[in-house]
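K.L.:
Heads up: the sequence shown begins at 64 in the working numbering, then just goes up one per residue.
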Amino acid sequence: MPFKVVATRILPPDAQARLEAENYDLVQWKEDNVMPRDELLKQVNGADALICLLTDRIDSELLDVAGPQLKTVITMSVGFDHVDVDALRKRSIPLGYTPDVLTDAVADLTVLLTLAAARRMKEGMNAASQGEWGSWRPTWLCGSQFTGKTLGIIGMGRIGEAVAQRLKPFGISRTLYWGRREKPEVQERLPGAQFKAQLDDVLAESDYVIVCCALTPETKEMFNYEAFKKMKKCAVFVNTARGSIVQQDDLTRALEENLIASAGLDVTSPEPLDPSHKLYQLPNCVILPHIASATFETRERMASMCLENLQAALNNQTMPYSL
Numbered sequence: 064m065p066f067k068v069v070a071t072r073i074l075p076p077d078a079q080a081r082l083e084a085e086n087y088d089l090v091q092w093k094e095d096n097v098m099p100r101d102e103l104l105k106q107v108n109g110a111d112a113l114i115c116l117l118t119d120r121i122d123s124e125l126l127d128v129a130g131p132q133l134k135t136v137i138t139m140s141v142g143f144d145h146v147d148v149d150a151l152r153k154r155s156i157p158l159g160y161t162p163d164v165l166t167d168a169v170a171d172l173t174v175l176l177t178l179a180a181a182r183r184m185k186e187g188m189n190a191a192s193q194g195e196w197g198s199w200r201p202t203w204l205c206g207s208q209f210t211g212k213t214l215g216i217i218g219m220g221r222i223g224e225a226v227a228q229r230l231k232p233f234g235i236s237r238t239l240y241w242g243r244r245e246k247p248e249v250q251e252r253l254p255g256a257q258f259k260a261q262l263d264d265v266l267a268e269s270d271y272v273i274v275c276c277a278l279t280p281e282t283k284e285m286f287n288y289e290a291f292k293k294m295k296k297c298a299v300f301v302n303t304a305r306g307s308i309v310q311q312d313d314l315t316r317a318l319e320e321n322l323i324a325s326a327g328l329d330v331t332s333p334e335p336l337d338p339s340h341k342l343y344q345l346p347n348c349v350i351l352p353h354i355a356s357a358t359f360e361t362r363e364r365m366a367s368m369c370l371e372n373l374q375a376a377l378n379n380q381t382m383p384y385s386l
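(1) Tell me, to the nearest whole angstrom, how far the beta carbon of valine 68 is from that of alanine 110; I am working on the premise that it is less than 8 Å.
(2) For tyrosine 240, which three-state DSSP category applies?
(3) Decide if aspartate 144 is buried, meaning its Cβ has at least 16 other Cβ atoms within 10 Å, or exposed.
(4) According to DSSP, simplified to helix, strand and coil, what is valine 136?
(5) Looking at isoleucine 308: is its Cβ nearer than 7 Å to the Cβ of threonine 282?
(6) In terms of residue numbering, what span does the alpha helix (DSSP H) encompassing aspartate 127 cover?
(7) Rounded to whole angstroms, what is the Cα-Cα separation between alanine 304 and threonine 279?
(8) With 16 other CB atoms within 10 Å as the buried threshold, where does methionine 64 fall?
(9) Please report the distance separating the alpha-carbon of threonine 358 from that of lysine 246.
(10) Glutamine 310 and asparagine 347 - do their beta-carbons sit closer together than 7 Å?
(11) Mind checking whether valine 107 and isoleucine 121 have CB atoms under 7 Å apart?
(12) Please classify leucine 113 as buried or exposed, where buried requires at least 16 neighbouring CB atoms within 10 angstroms.
(13) Give me the Cβ distance between leucine 230 and alanine 355, rounded to the nearest whole Å; I'm assuming they're in contact under 8 Å.
(14) Quick check on DSSP: helix, strand or coil for serine 269?
(15) Throw me the rounded Cβ distance for the lysine 296 and asparagine 321 pair, which I believe falls under 8 Å.
(16) When the distance is taken between beta carbons, is serine 269 closer than 7 Å to threonine 213?
(17) Would a C-beta distance cut-off of 7 Å place tyrosine 384 and glycine 159 closer than the cut-off?
(18) Would you kindly work out how many angstroms separate the C-alpha atoms of lysine 341 and leucine 133, rounded to a whole number?
(19) Apply the 10 Å Cβ neighbour rule to methionine 188 and answer buried if 16 or more other Cβ atoms are within range, or exposed otherwise.
(20) Which full runs of the beta strand (DSSP E) of 3+ residues lie inside the region 69-107, going along the chain?
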């Protein structure tokens, strides 16, 4: 009897073709939206493997419905805060994921957002398209440039380091970082980078504050009104990590009150953010719909890693990319 594999979305083309070529009893949600919860609970019953996304809640209820034969849950993501990891461990079900594959794509987009926010791209595009492009004026739509400025990285992991490496050739003079510990190995690759044990020091000294850390109980809503008050008024704030790291109403207030100059966001809380949300109306806030990993190369690699995990798990082997 073939293994029953449930996938909550269509995979990128190459990986999808490989998946369909296998002799699986494949149940797949083929709409370009989130698989409804009731449909997922219906289809997961009796599954041997589940391939899911960040948009799918994997909890005790779902695992109980799936049944004891479930061999693995595989998420096509680096983050797994949508998965009840303890519930999986209690049932001895391994979790597969796609680590270390997003670094370049996310770092590239982080630089894009930083430039867009710093150079007032949203305001410029609106001015051009709405007939406000008048004659040259000395200070019209002036923003800030990187040369001689201080960069603050919140979370100097792979992505944080990749962002700092990309921004260094722009003329950044100092790179500060905050995290759980000092990282001498990073400082060897980034000469002059300085660890700050106190987050407040990074906030007070940085011209660009870029959030690259994981969402944990410690970091949840750590960027609140008090944090923004400690930043420079000329500071640019960028978040490509997780929306819940920021207290969104406080960010809105900080931008409205000009406590900081501008913000660039690829993540919000919730997602998607309601189109009527005030942040969209602010001229100094650039928002993208969580597309930091959205390159063809990255998404195909993520899907391929999922299939490698799937094949290993169904053959009772250790998954190559597991928690």
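Beta carbons: idealized from backbone N, C-alpha and C, even for Gly.
P.N.:
Considering the structure as presented:
(1) The residue given as residue 68 occupies position 5 in the sequence shown. The residue given as residue 110 occupies position 47 in the sequence shown. With 8 Å as the limit, valine 68 and alanine 110 qualify as a contact, their Cβ atoms being about 7 Å apart.
(2) Start at 1 with the first residue of the sequence shown, and residue 240 comes out as number 177. It is a strand residue.
(3) Residue 144 sits at position 81 when you count from the first residue of the sequence shown. So aspartate 144 ends up on the exposed side.
(4) For the purposes of this step, residue 136 is identified with residue 73 of the sequence shown, where counting begins at 1. Valine 136 falls in the strand class under three-state DSSP.
(5) Counted from its first residue, the sequence shown places residue 308 at position 245. Counted from its first residue, the sequence shown places residue 282 at position 219. A contact, by the Cβ cut-off of 7 Å.
(6) For the purposes of this step, residue 127 is identified with residue 64 of the sequence shown, where counting begins at 1. Element bounds for aspartate 127: 123-129.
(7) By 1-based counting over the sequence shown, the position of residue 304 is 241. By 1-based counting over the sequence shown, the position of residue 279 is 216. Computed Cα separation, rounded: 11 Å.
(8) Against the sequence shown, residue 64 aligns to sequence position 1. Counting Cβ neighbours within 10 Å, methionine 64 comes out exposed, since fewer than 16 surround it.
(9) Position 295 of the sequence shown, counting from 1, holds the residue named residue 358. Position 183 of the sequence shown, counting from 1, holds the residue named residue 246. Between threonine 358 and lysine 246, the C-alpha separation is close to 29 Å.
(10) In the sequence shown, residue 347 corresponds to position 284, counting from 1. In the sequence shown, residue 310 corresponds to position 247, counting from 1. Their beta carbons are not under 7 Å apart, which means asparagine 347 does not touch glutamine 310 by this criterion.
(11) Taking the sequence shown and counting its residues from 1, the one referred to as residue 107 is at position 44. Taking the sequence shown and counting its residues from 1, the one referred to as residue 121 is at position 58. No.
(12) What you label residue 113 is simply residue 50 of the sequence shown in a count that begins at 1. Counting Cβ neighbours within 10 Å, leucine 113 comes out buried, since at least 16 surround it.
(13) For the purposes of this step, residue 230 is taken as residue 167 along the sequence shown, with counting starting at 1. For the purposes of this step, residue 355 is taken as residue 292 along the sequence shown, with counting starting at 1. Cβ-Cβ separation between leucine 230 and alanine 355: approximately 16 Å, too far for a contact (criterion under 8 Å).
(14) Stepping through the sequence shown from its first residue, residue 269 is reached at position 206. Here serine 269 sits in coil by DSSP.
(15) Within the sequence shown, residue 296 is the residue found at index 233, counting from 1. Within the sequence shown, residue 321 is the residue found at index 258, counting from 1. At roughly 6 Å, the Cβ-Cβ gap stays under 8 Å, so lysine 296 and asparagine 321 are in contact.
(16) Locating residue 213 in the sequence shown gives position 150, where the first residue counts as 1. Locating residue 269 in the sequence shown gives position 206, where the first residue counts as 1. Against a cut-off of 7 Å, the Cβ pair of serine 269 and threonine 213 comes out as a contact.
(17) In the sequence shown, counting from the first residue as 1, residue 384 sits at position 321. In the sequence shown, counting from the first residue as 1, residue 159 sits at position 96. Yes; because the gap between Cβ atoms is below 7 Å, this pair is in contact.
(18) As a working mapping, residue 341 is identified with position 278 in the sequence shown. As a working mapping, residue 133 is identified with position 70 in the sequence shown. Rounded to whole angstroms, the separation of the alpha carbons of leucine 133 and lysine 341 is 44 Å.
(19) Counting from 1 along the sequence shown, the entry for residue 188 is found at position 125. With fewer than 16 Cβ atoms within 10 Å of its Cβ, methionine 188 is classed as exposed.
(20) 88-91
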